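Only one structure is covered here, and it is reproduced in the block below.
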Amino acid sequence: MADKRRFLVRFWGVRGSYPTPGLATVRHGGNTSCIEVQVGPHTLILDAGSGLIRLGDDLMRRTRGKPLHLSLLITHAHGDHLNGFPFFSPLFERSTTIDFFGPLLEGRNIEQLVTPIMSPPYFPVDIRKLPSQRAFHTIEDDQYIIWRNGYGKAEVVFDQDDIKDAEVCVYSKYTHSHPSNGAIHYRIEYAGRSVVYATDVEWSERYDPDFLAFAEGADLLIHDAQYTTEDYLKAKQGFGHSNIEMATGVATAAGVHALVLFHHEPTYDDAKLDAMEAEAQKQFTHTRSACEGMEIDLLTPQTD
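Converting from the sequence shown to this note's numbering requires adding 49 to each position, the first position being numbered 1.
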């Protein structure tokens, strides 16, 4: 029989700022932020950068017309985290149900943030006229998104008492270093394992104790590491992104098991990202540089 339990992380877009296709980025990939998390029977998607386009096509191939139930978790509304959204093929299917989760920004909820991206005059197709089923949920700091059973609906709850019987739980944590409204980060827990997604964040000399508690002991930390230390100190301070020392420092301080460097600088080629990975491994041994197509299985498959 098919696996009943799974916790699989797939990388579809790993680049920051803007897409960079070409020979110089072919190994790591040039698409912007998008990660698929298959957790139990649920499909979670972290951000909707240009990597979302290929993910959508792959989901359609995998499901072959069967109903799709998706949860799309947005960190913030910058273009590199939303530019794949209008071209996400499951949106155009009547058999698709999508729950959108994201922060309130500039007084606009997640529905008000994404609708203009996919409606005239910016886009020829109006999302409000599509046949897919959509629901929008605004997420605040320290809230929880939970699924209580196999194919149950997602719930947004505030109290820790409400998560005791959850099968899958997503924790939220807001940081404010990324101009000008910060970003929300997500921790996904299932079957005793966890992954933390923390992109578009910059640290000063001291890490936020609340964030360290949020990331503590995670099996996998996916962390912004856009710059080399040299480039960061030269011209990138205050841009709201981390260098590799910040990423490895958080991994060490939070006691995570493995680190993935993410949100790569678009001007860096594969060779430079390889060098950054090697340098980061000197500081935190279990470090990898995110590559499109990379998969990380957080569970030993369990079958009947």
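Backbone N, C-alpha and C define an ideal beta-carbon position, used for all residues, glycine too. Computed from a predicted model, the values in this text were never measured in an experiment.
The region 257 to 317 is shown to contain whole beta strand (DSSP E) runs of 3 or more residues at 269 to 273 and 308 to 311, in chain order.
With contacts defined by Cβ atoms closer than 8 Å, residue 264 and residue 245 form a contacting pair. Selection 215, 251 and 249 evaluated against residue 241 yields 215 as nearest (Cα-Cα). Cβ-Cβ distances below 6 Å link residue 146 to 118 and 182 in the same chain, with the five nearest sequence neighbours on each side left out; the list follows chain order. Secondary structure at residue 214: coil, using DSSP grouped into helix, strand and coil. A residue is called buried once 16 or more other Cβ atoms fall within 10 Å of its Cβ, and residue 329 is buried on that count.
Across the structure, residue 168 and residue 66 are spaced so that their CA atoms are roughly 23 Å apart. The region 129 to 144 makes contact with the region 86 to 105; the number of CB pairs closer than 8 Å reaches 3 or more. Contact annotation: the region 341 to 348 does not touch the region 310 to 322, with fewer than three C-beta pairs closer than 8 Å. Within the DSSP bridge table, the entry for residue 151 names 187 as partners.
Around the Cβ of residue 287, a 10 Å sphere holds fewer than 16 other Cβ atoms; the residue is exposed. Here the C-alpha atom of residue 302 lies approximately 12 Å from the C-alpha atom of residue 259.
Bounds of the beta strand (DSSP E) holding residue 232 are 232 to 239. Residue 153 and residue 110 have their C-alpha atoms roughly 33 Å apart. Per DSSP, reduced to three states, the secondary structure at residue 208 is coil, with no helix or strand assignment. Between the beta-carbon of residue 193 and that of residue 220 there is about 6 Å, and that keeps the pair under the 8 Å contact cut.
Residue 92: member of the beta strand (DSSP E) spanning 91 to 95, first to last residue. Excluding its 5 nearest sequence neighbours in each direction, residue 115 has C-beta neighbours in its own chain below 8 Å: 144, listed in chain order. Residue burial is scored here from C-beta neighbours: residue 150 has at least 16 other C-beta atoms within 10 angstroms and is therefore classed as buried. Residue 315 and residue 161 have their C-alpha atoms some 29 Å from each other. Following the DSSP letters along the chain, one finds residue 324 in no beta strand (DSSP E) but inside the alpha helix (DSSP H) bounded by residues 319 to 332. Taking C-alpha positions only, residue 158 is separated from residue 210 by approximately 26 Å. Counted as a single uninterrupted DSSP element, the beta strand (DSSP E) harbouring residue 62 occupies residues 56 to 62. For residue 113, the three-state secondary structure derived from DSSP is coil. From the listed residues 90, 58 and 103, the smallest Cα separation to residue 80 is found for 103.
Under a 10 Å Cβ-count criterion, residue 171 is classified as exposed, with fewer than 16 other Cβ atoms of the shown protein chains found around its own Cβ. Counting the other CB atoms within 10 Å of its CB gives residue 282 a total below 16, which places it among the exposed residues.
With contacts defined by Cβ atoms closer than 8 Å, residue 339 and residue 163 do not form a contacting pair.
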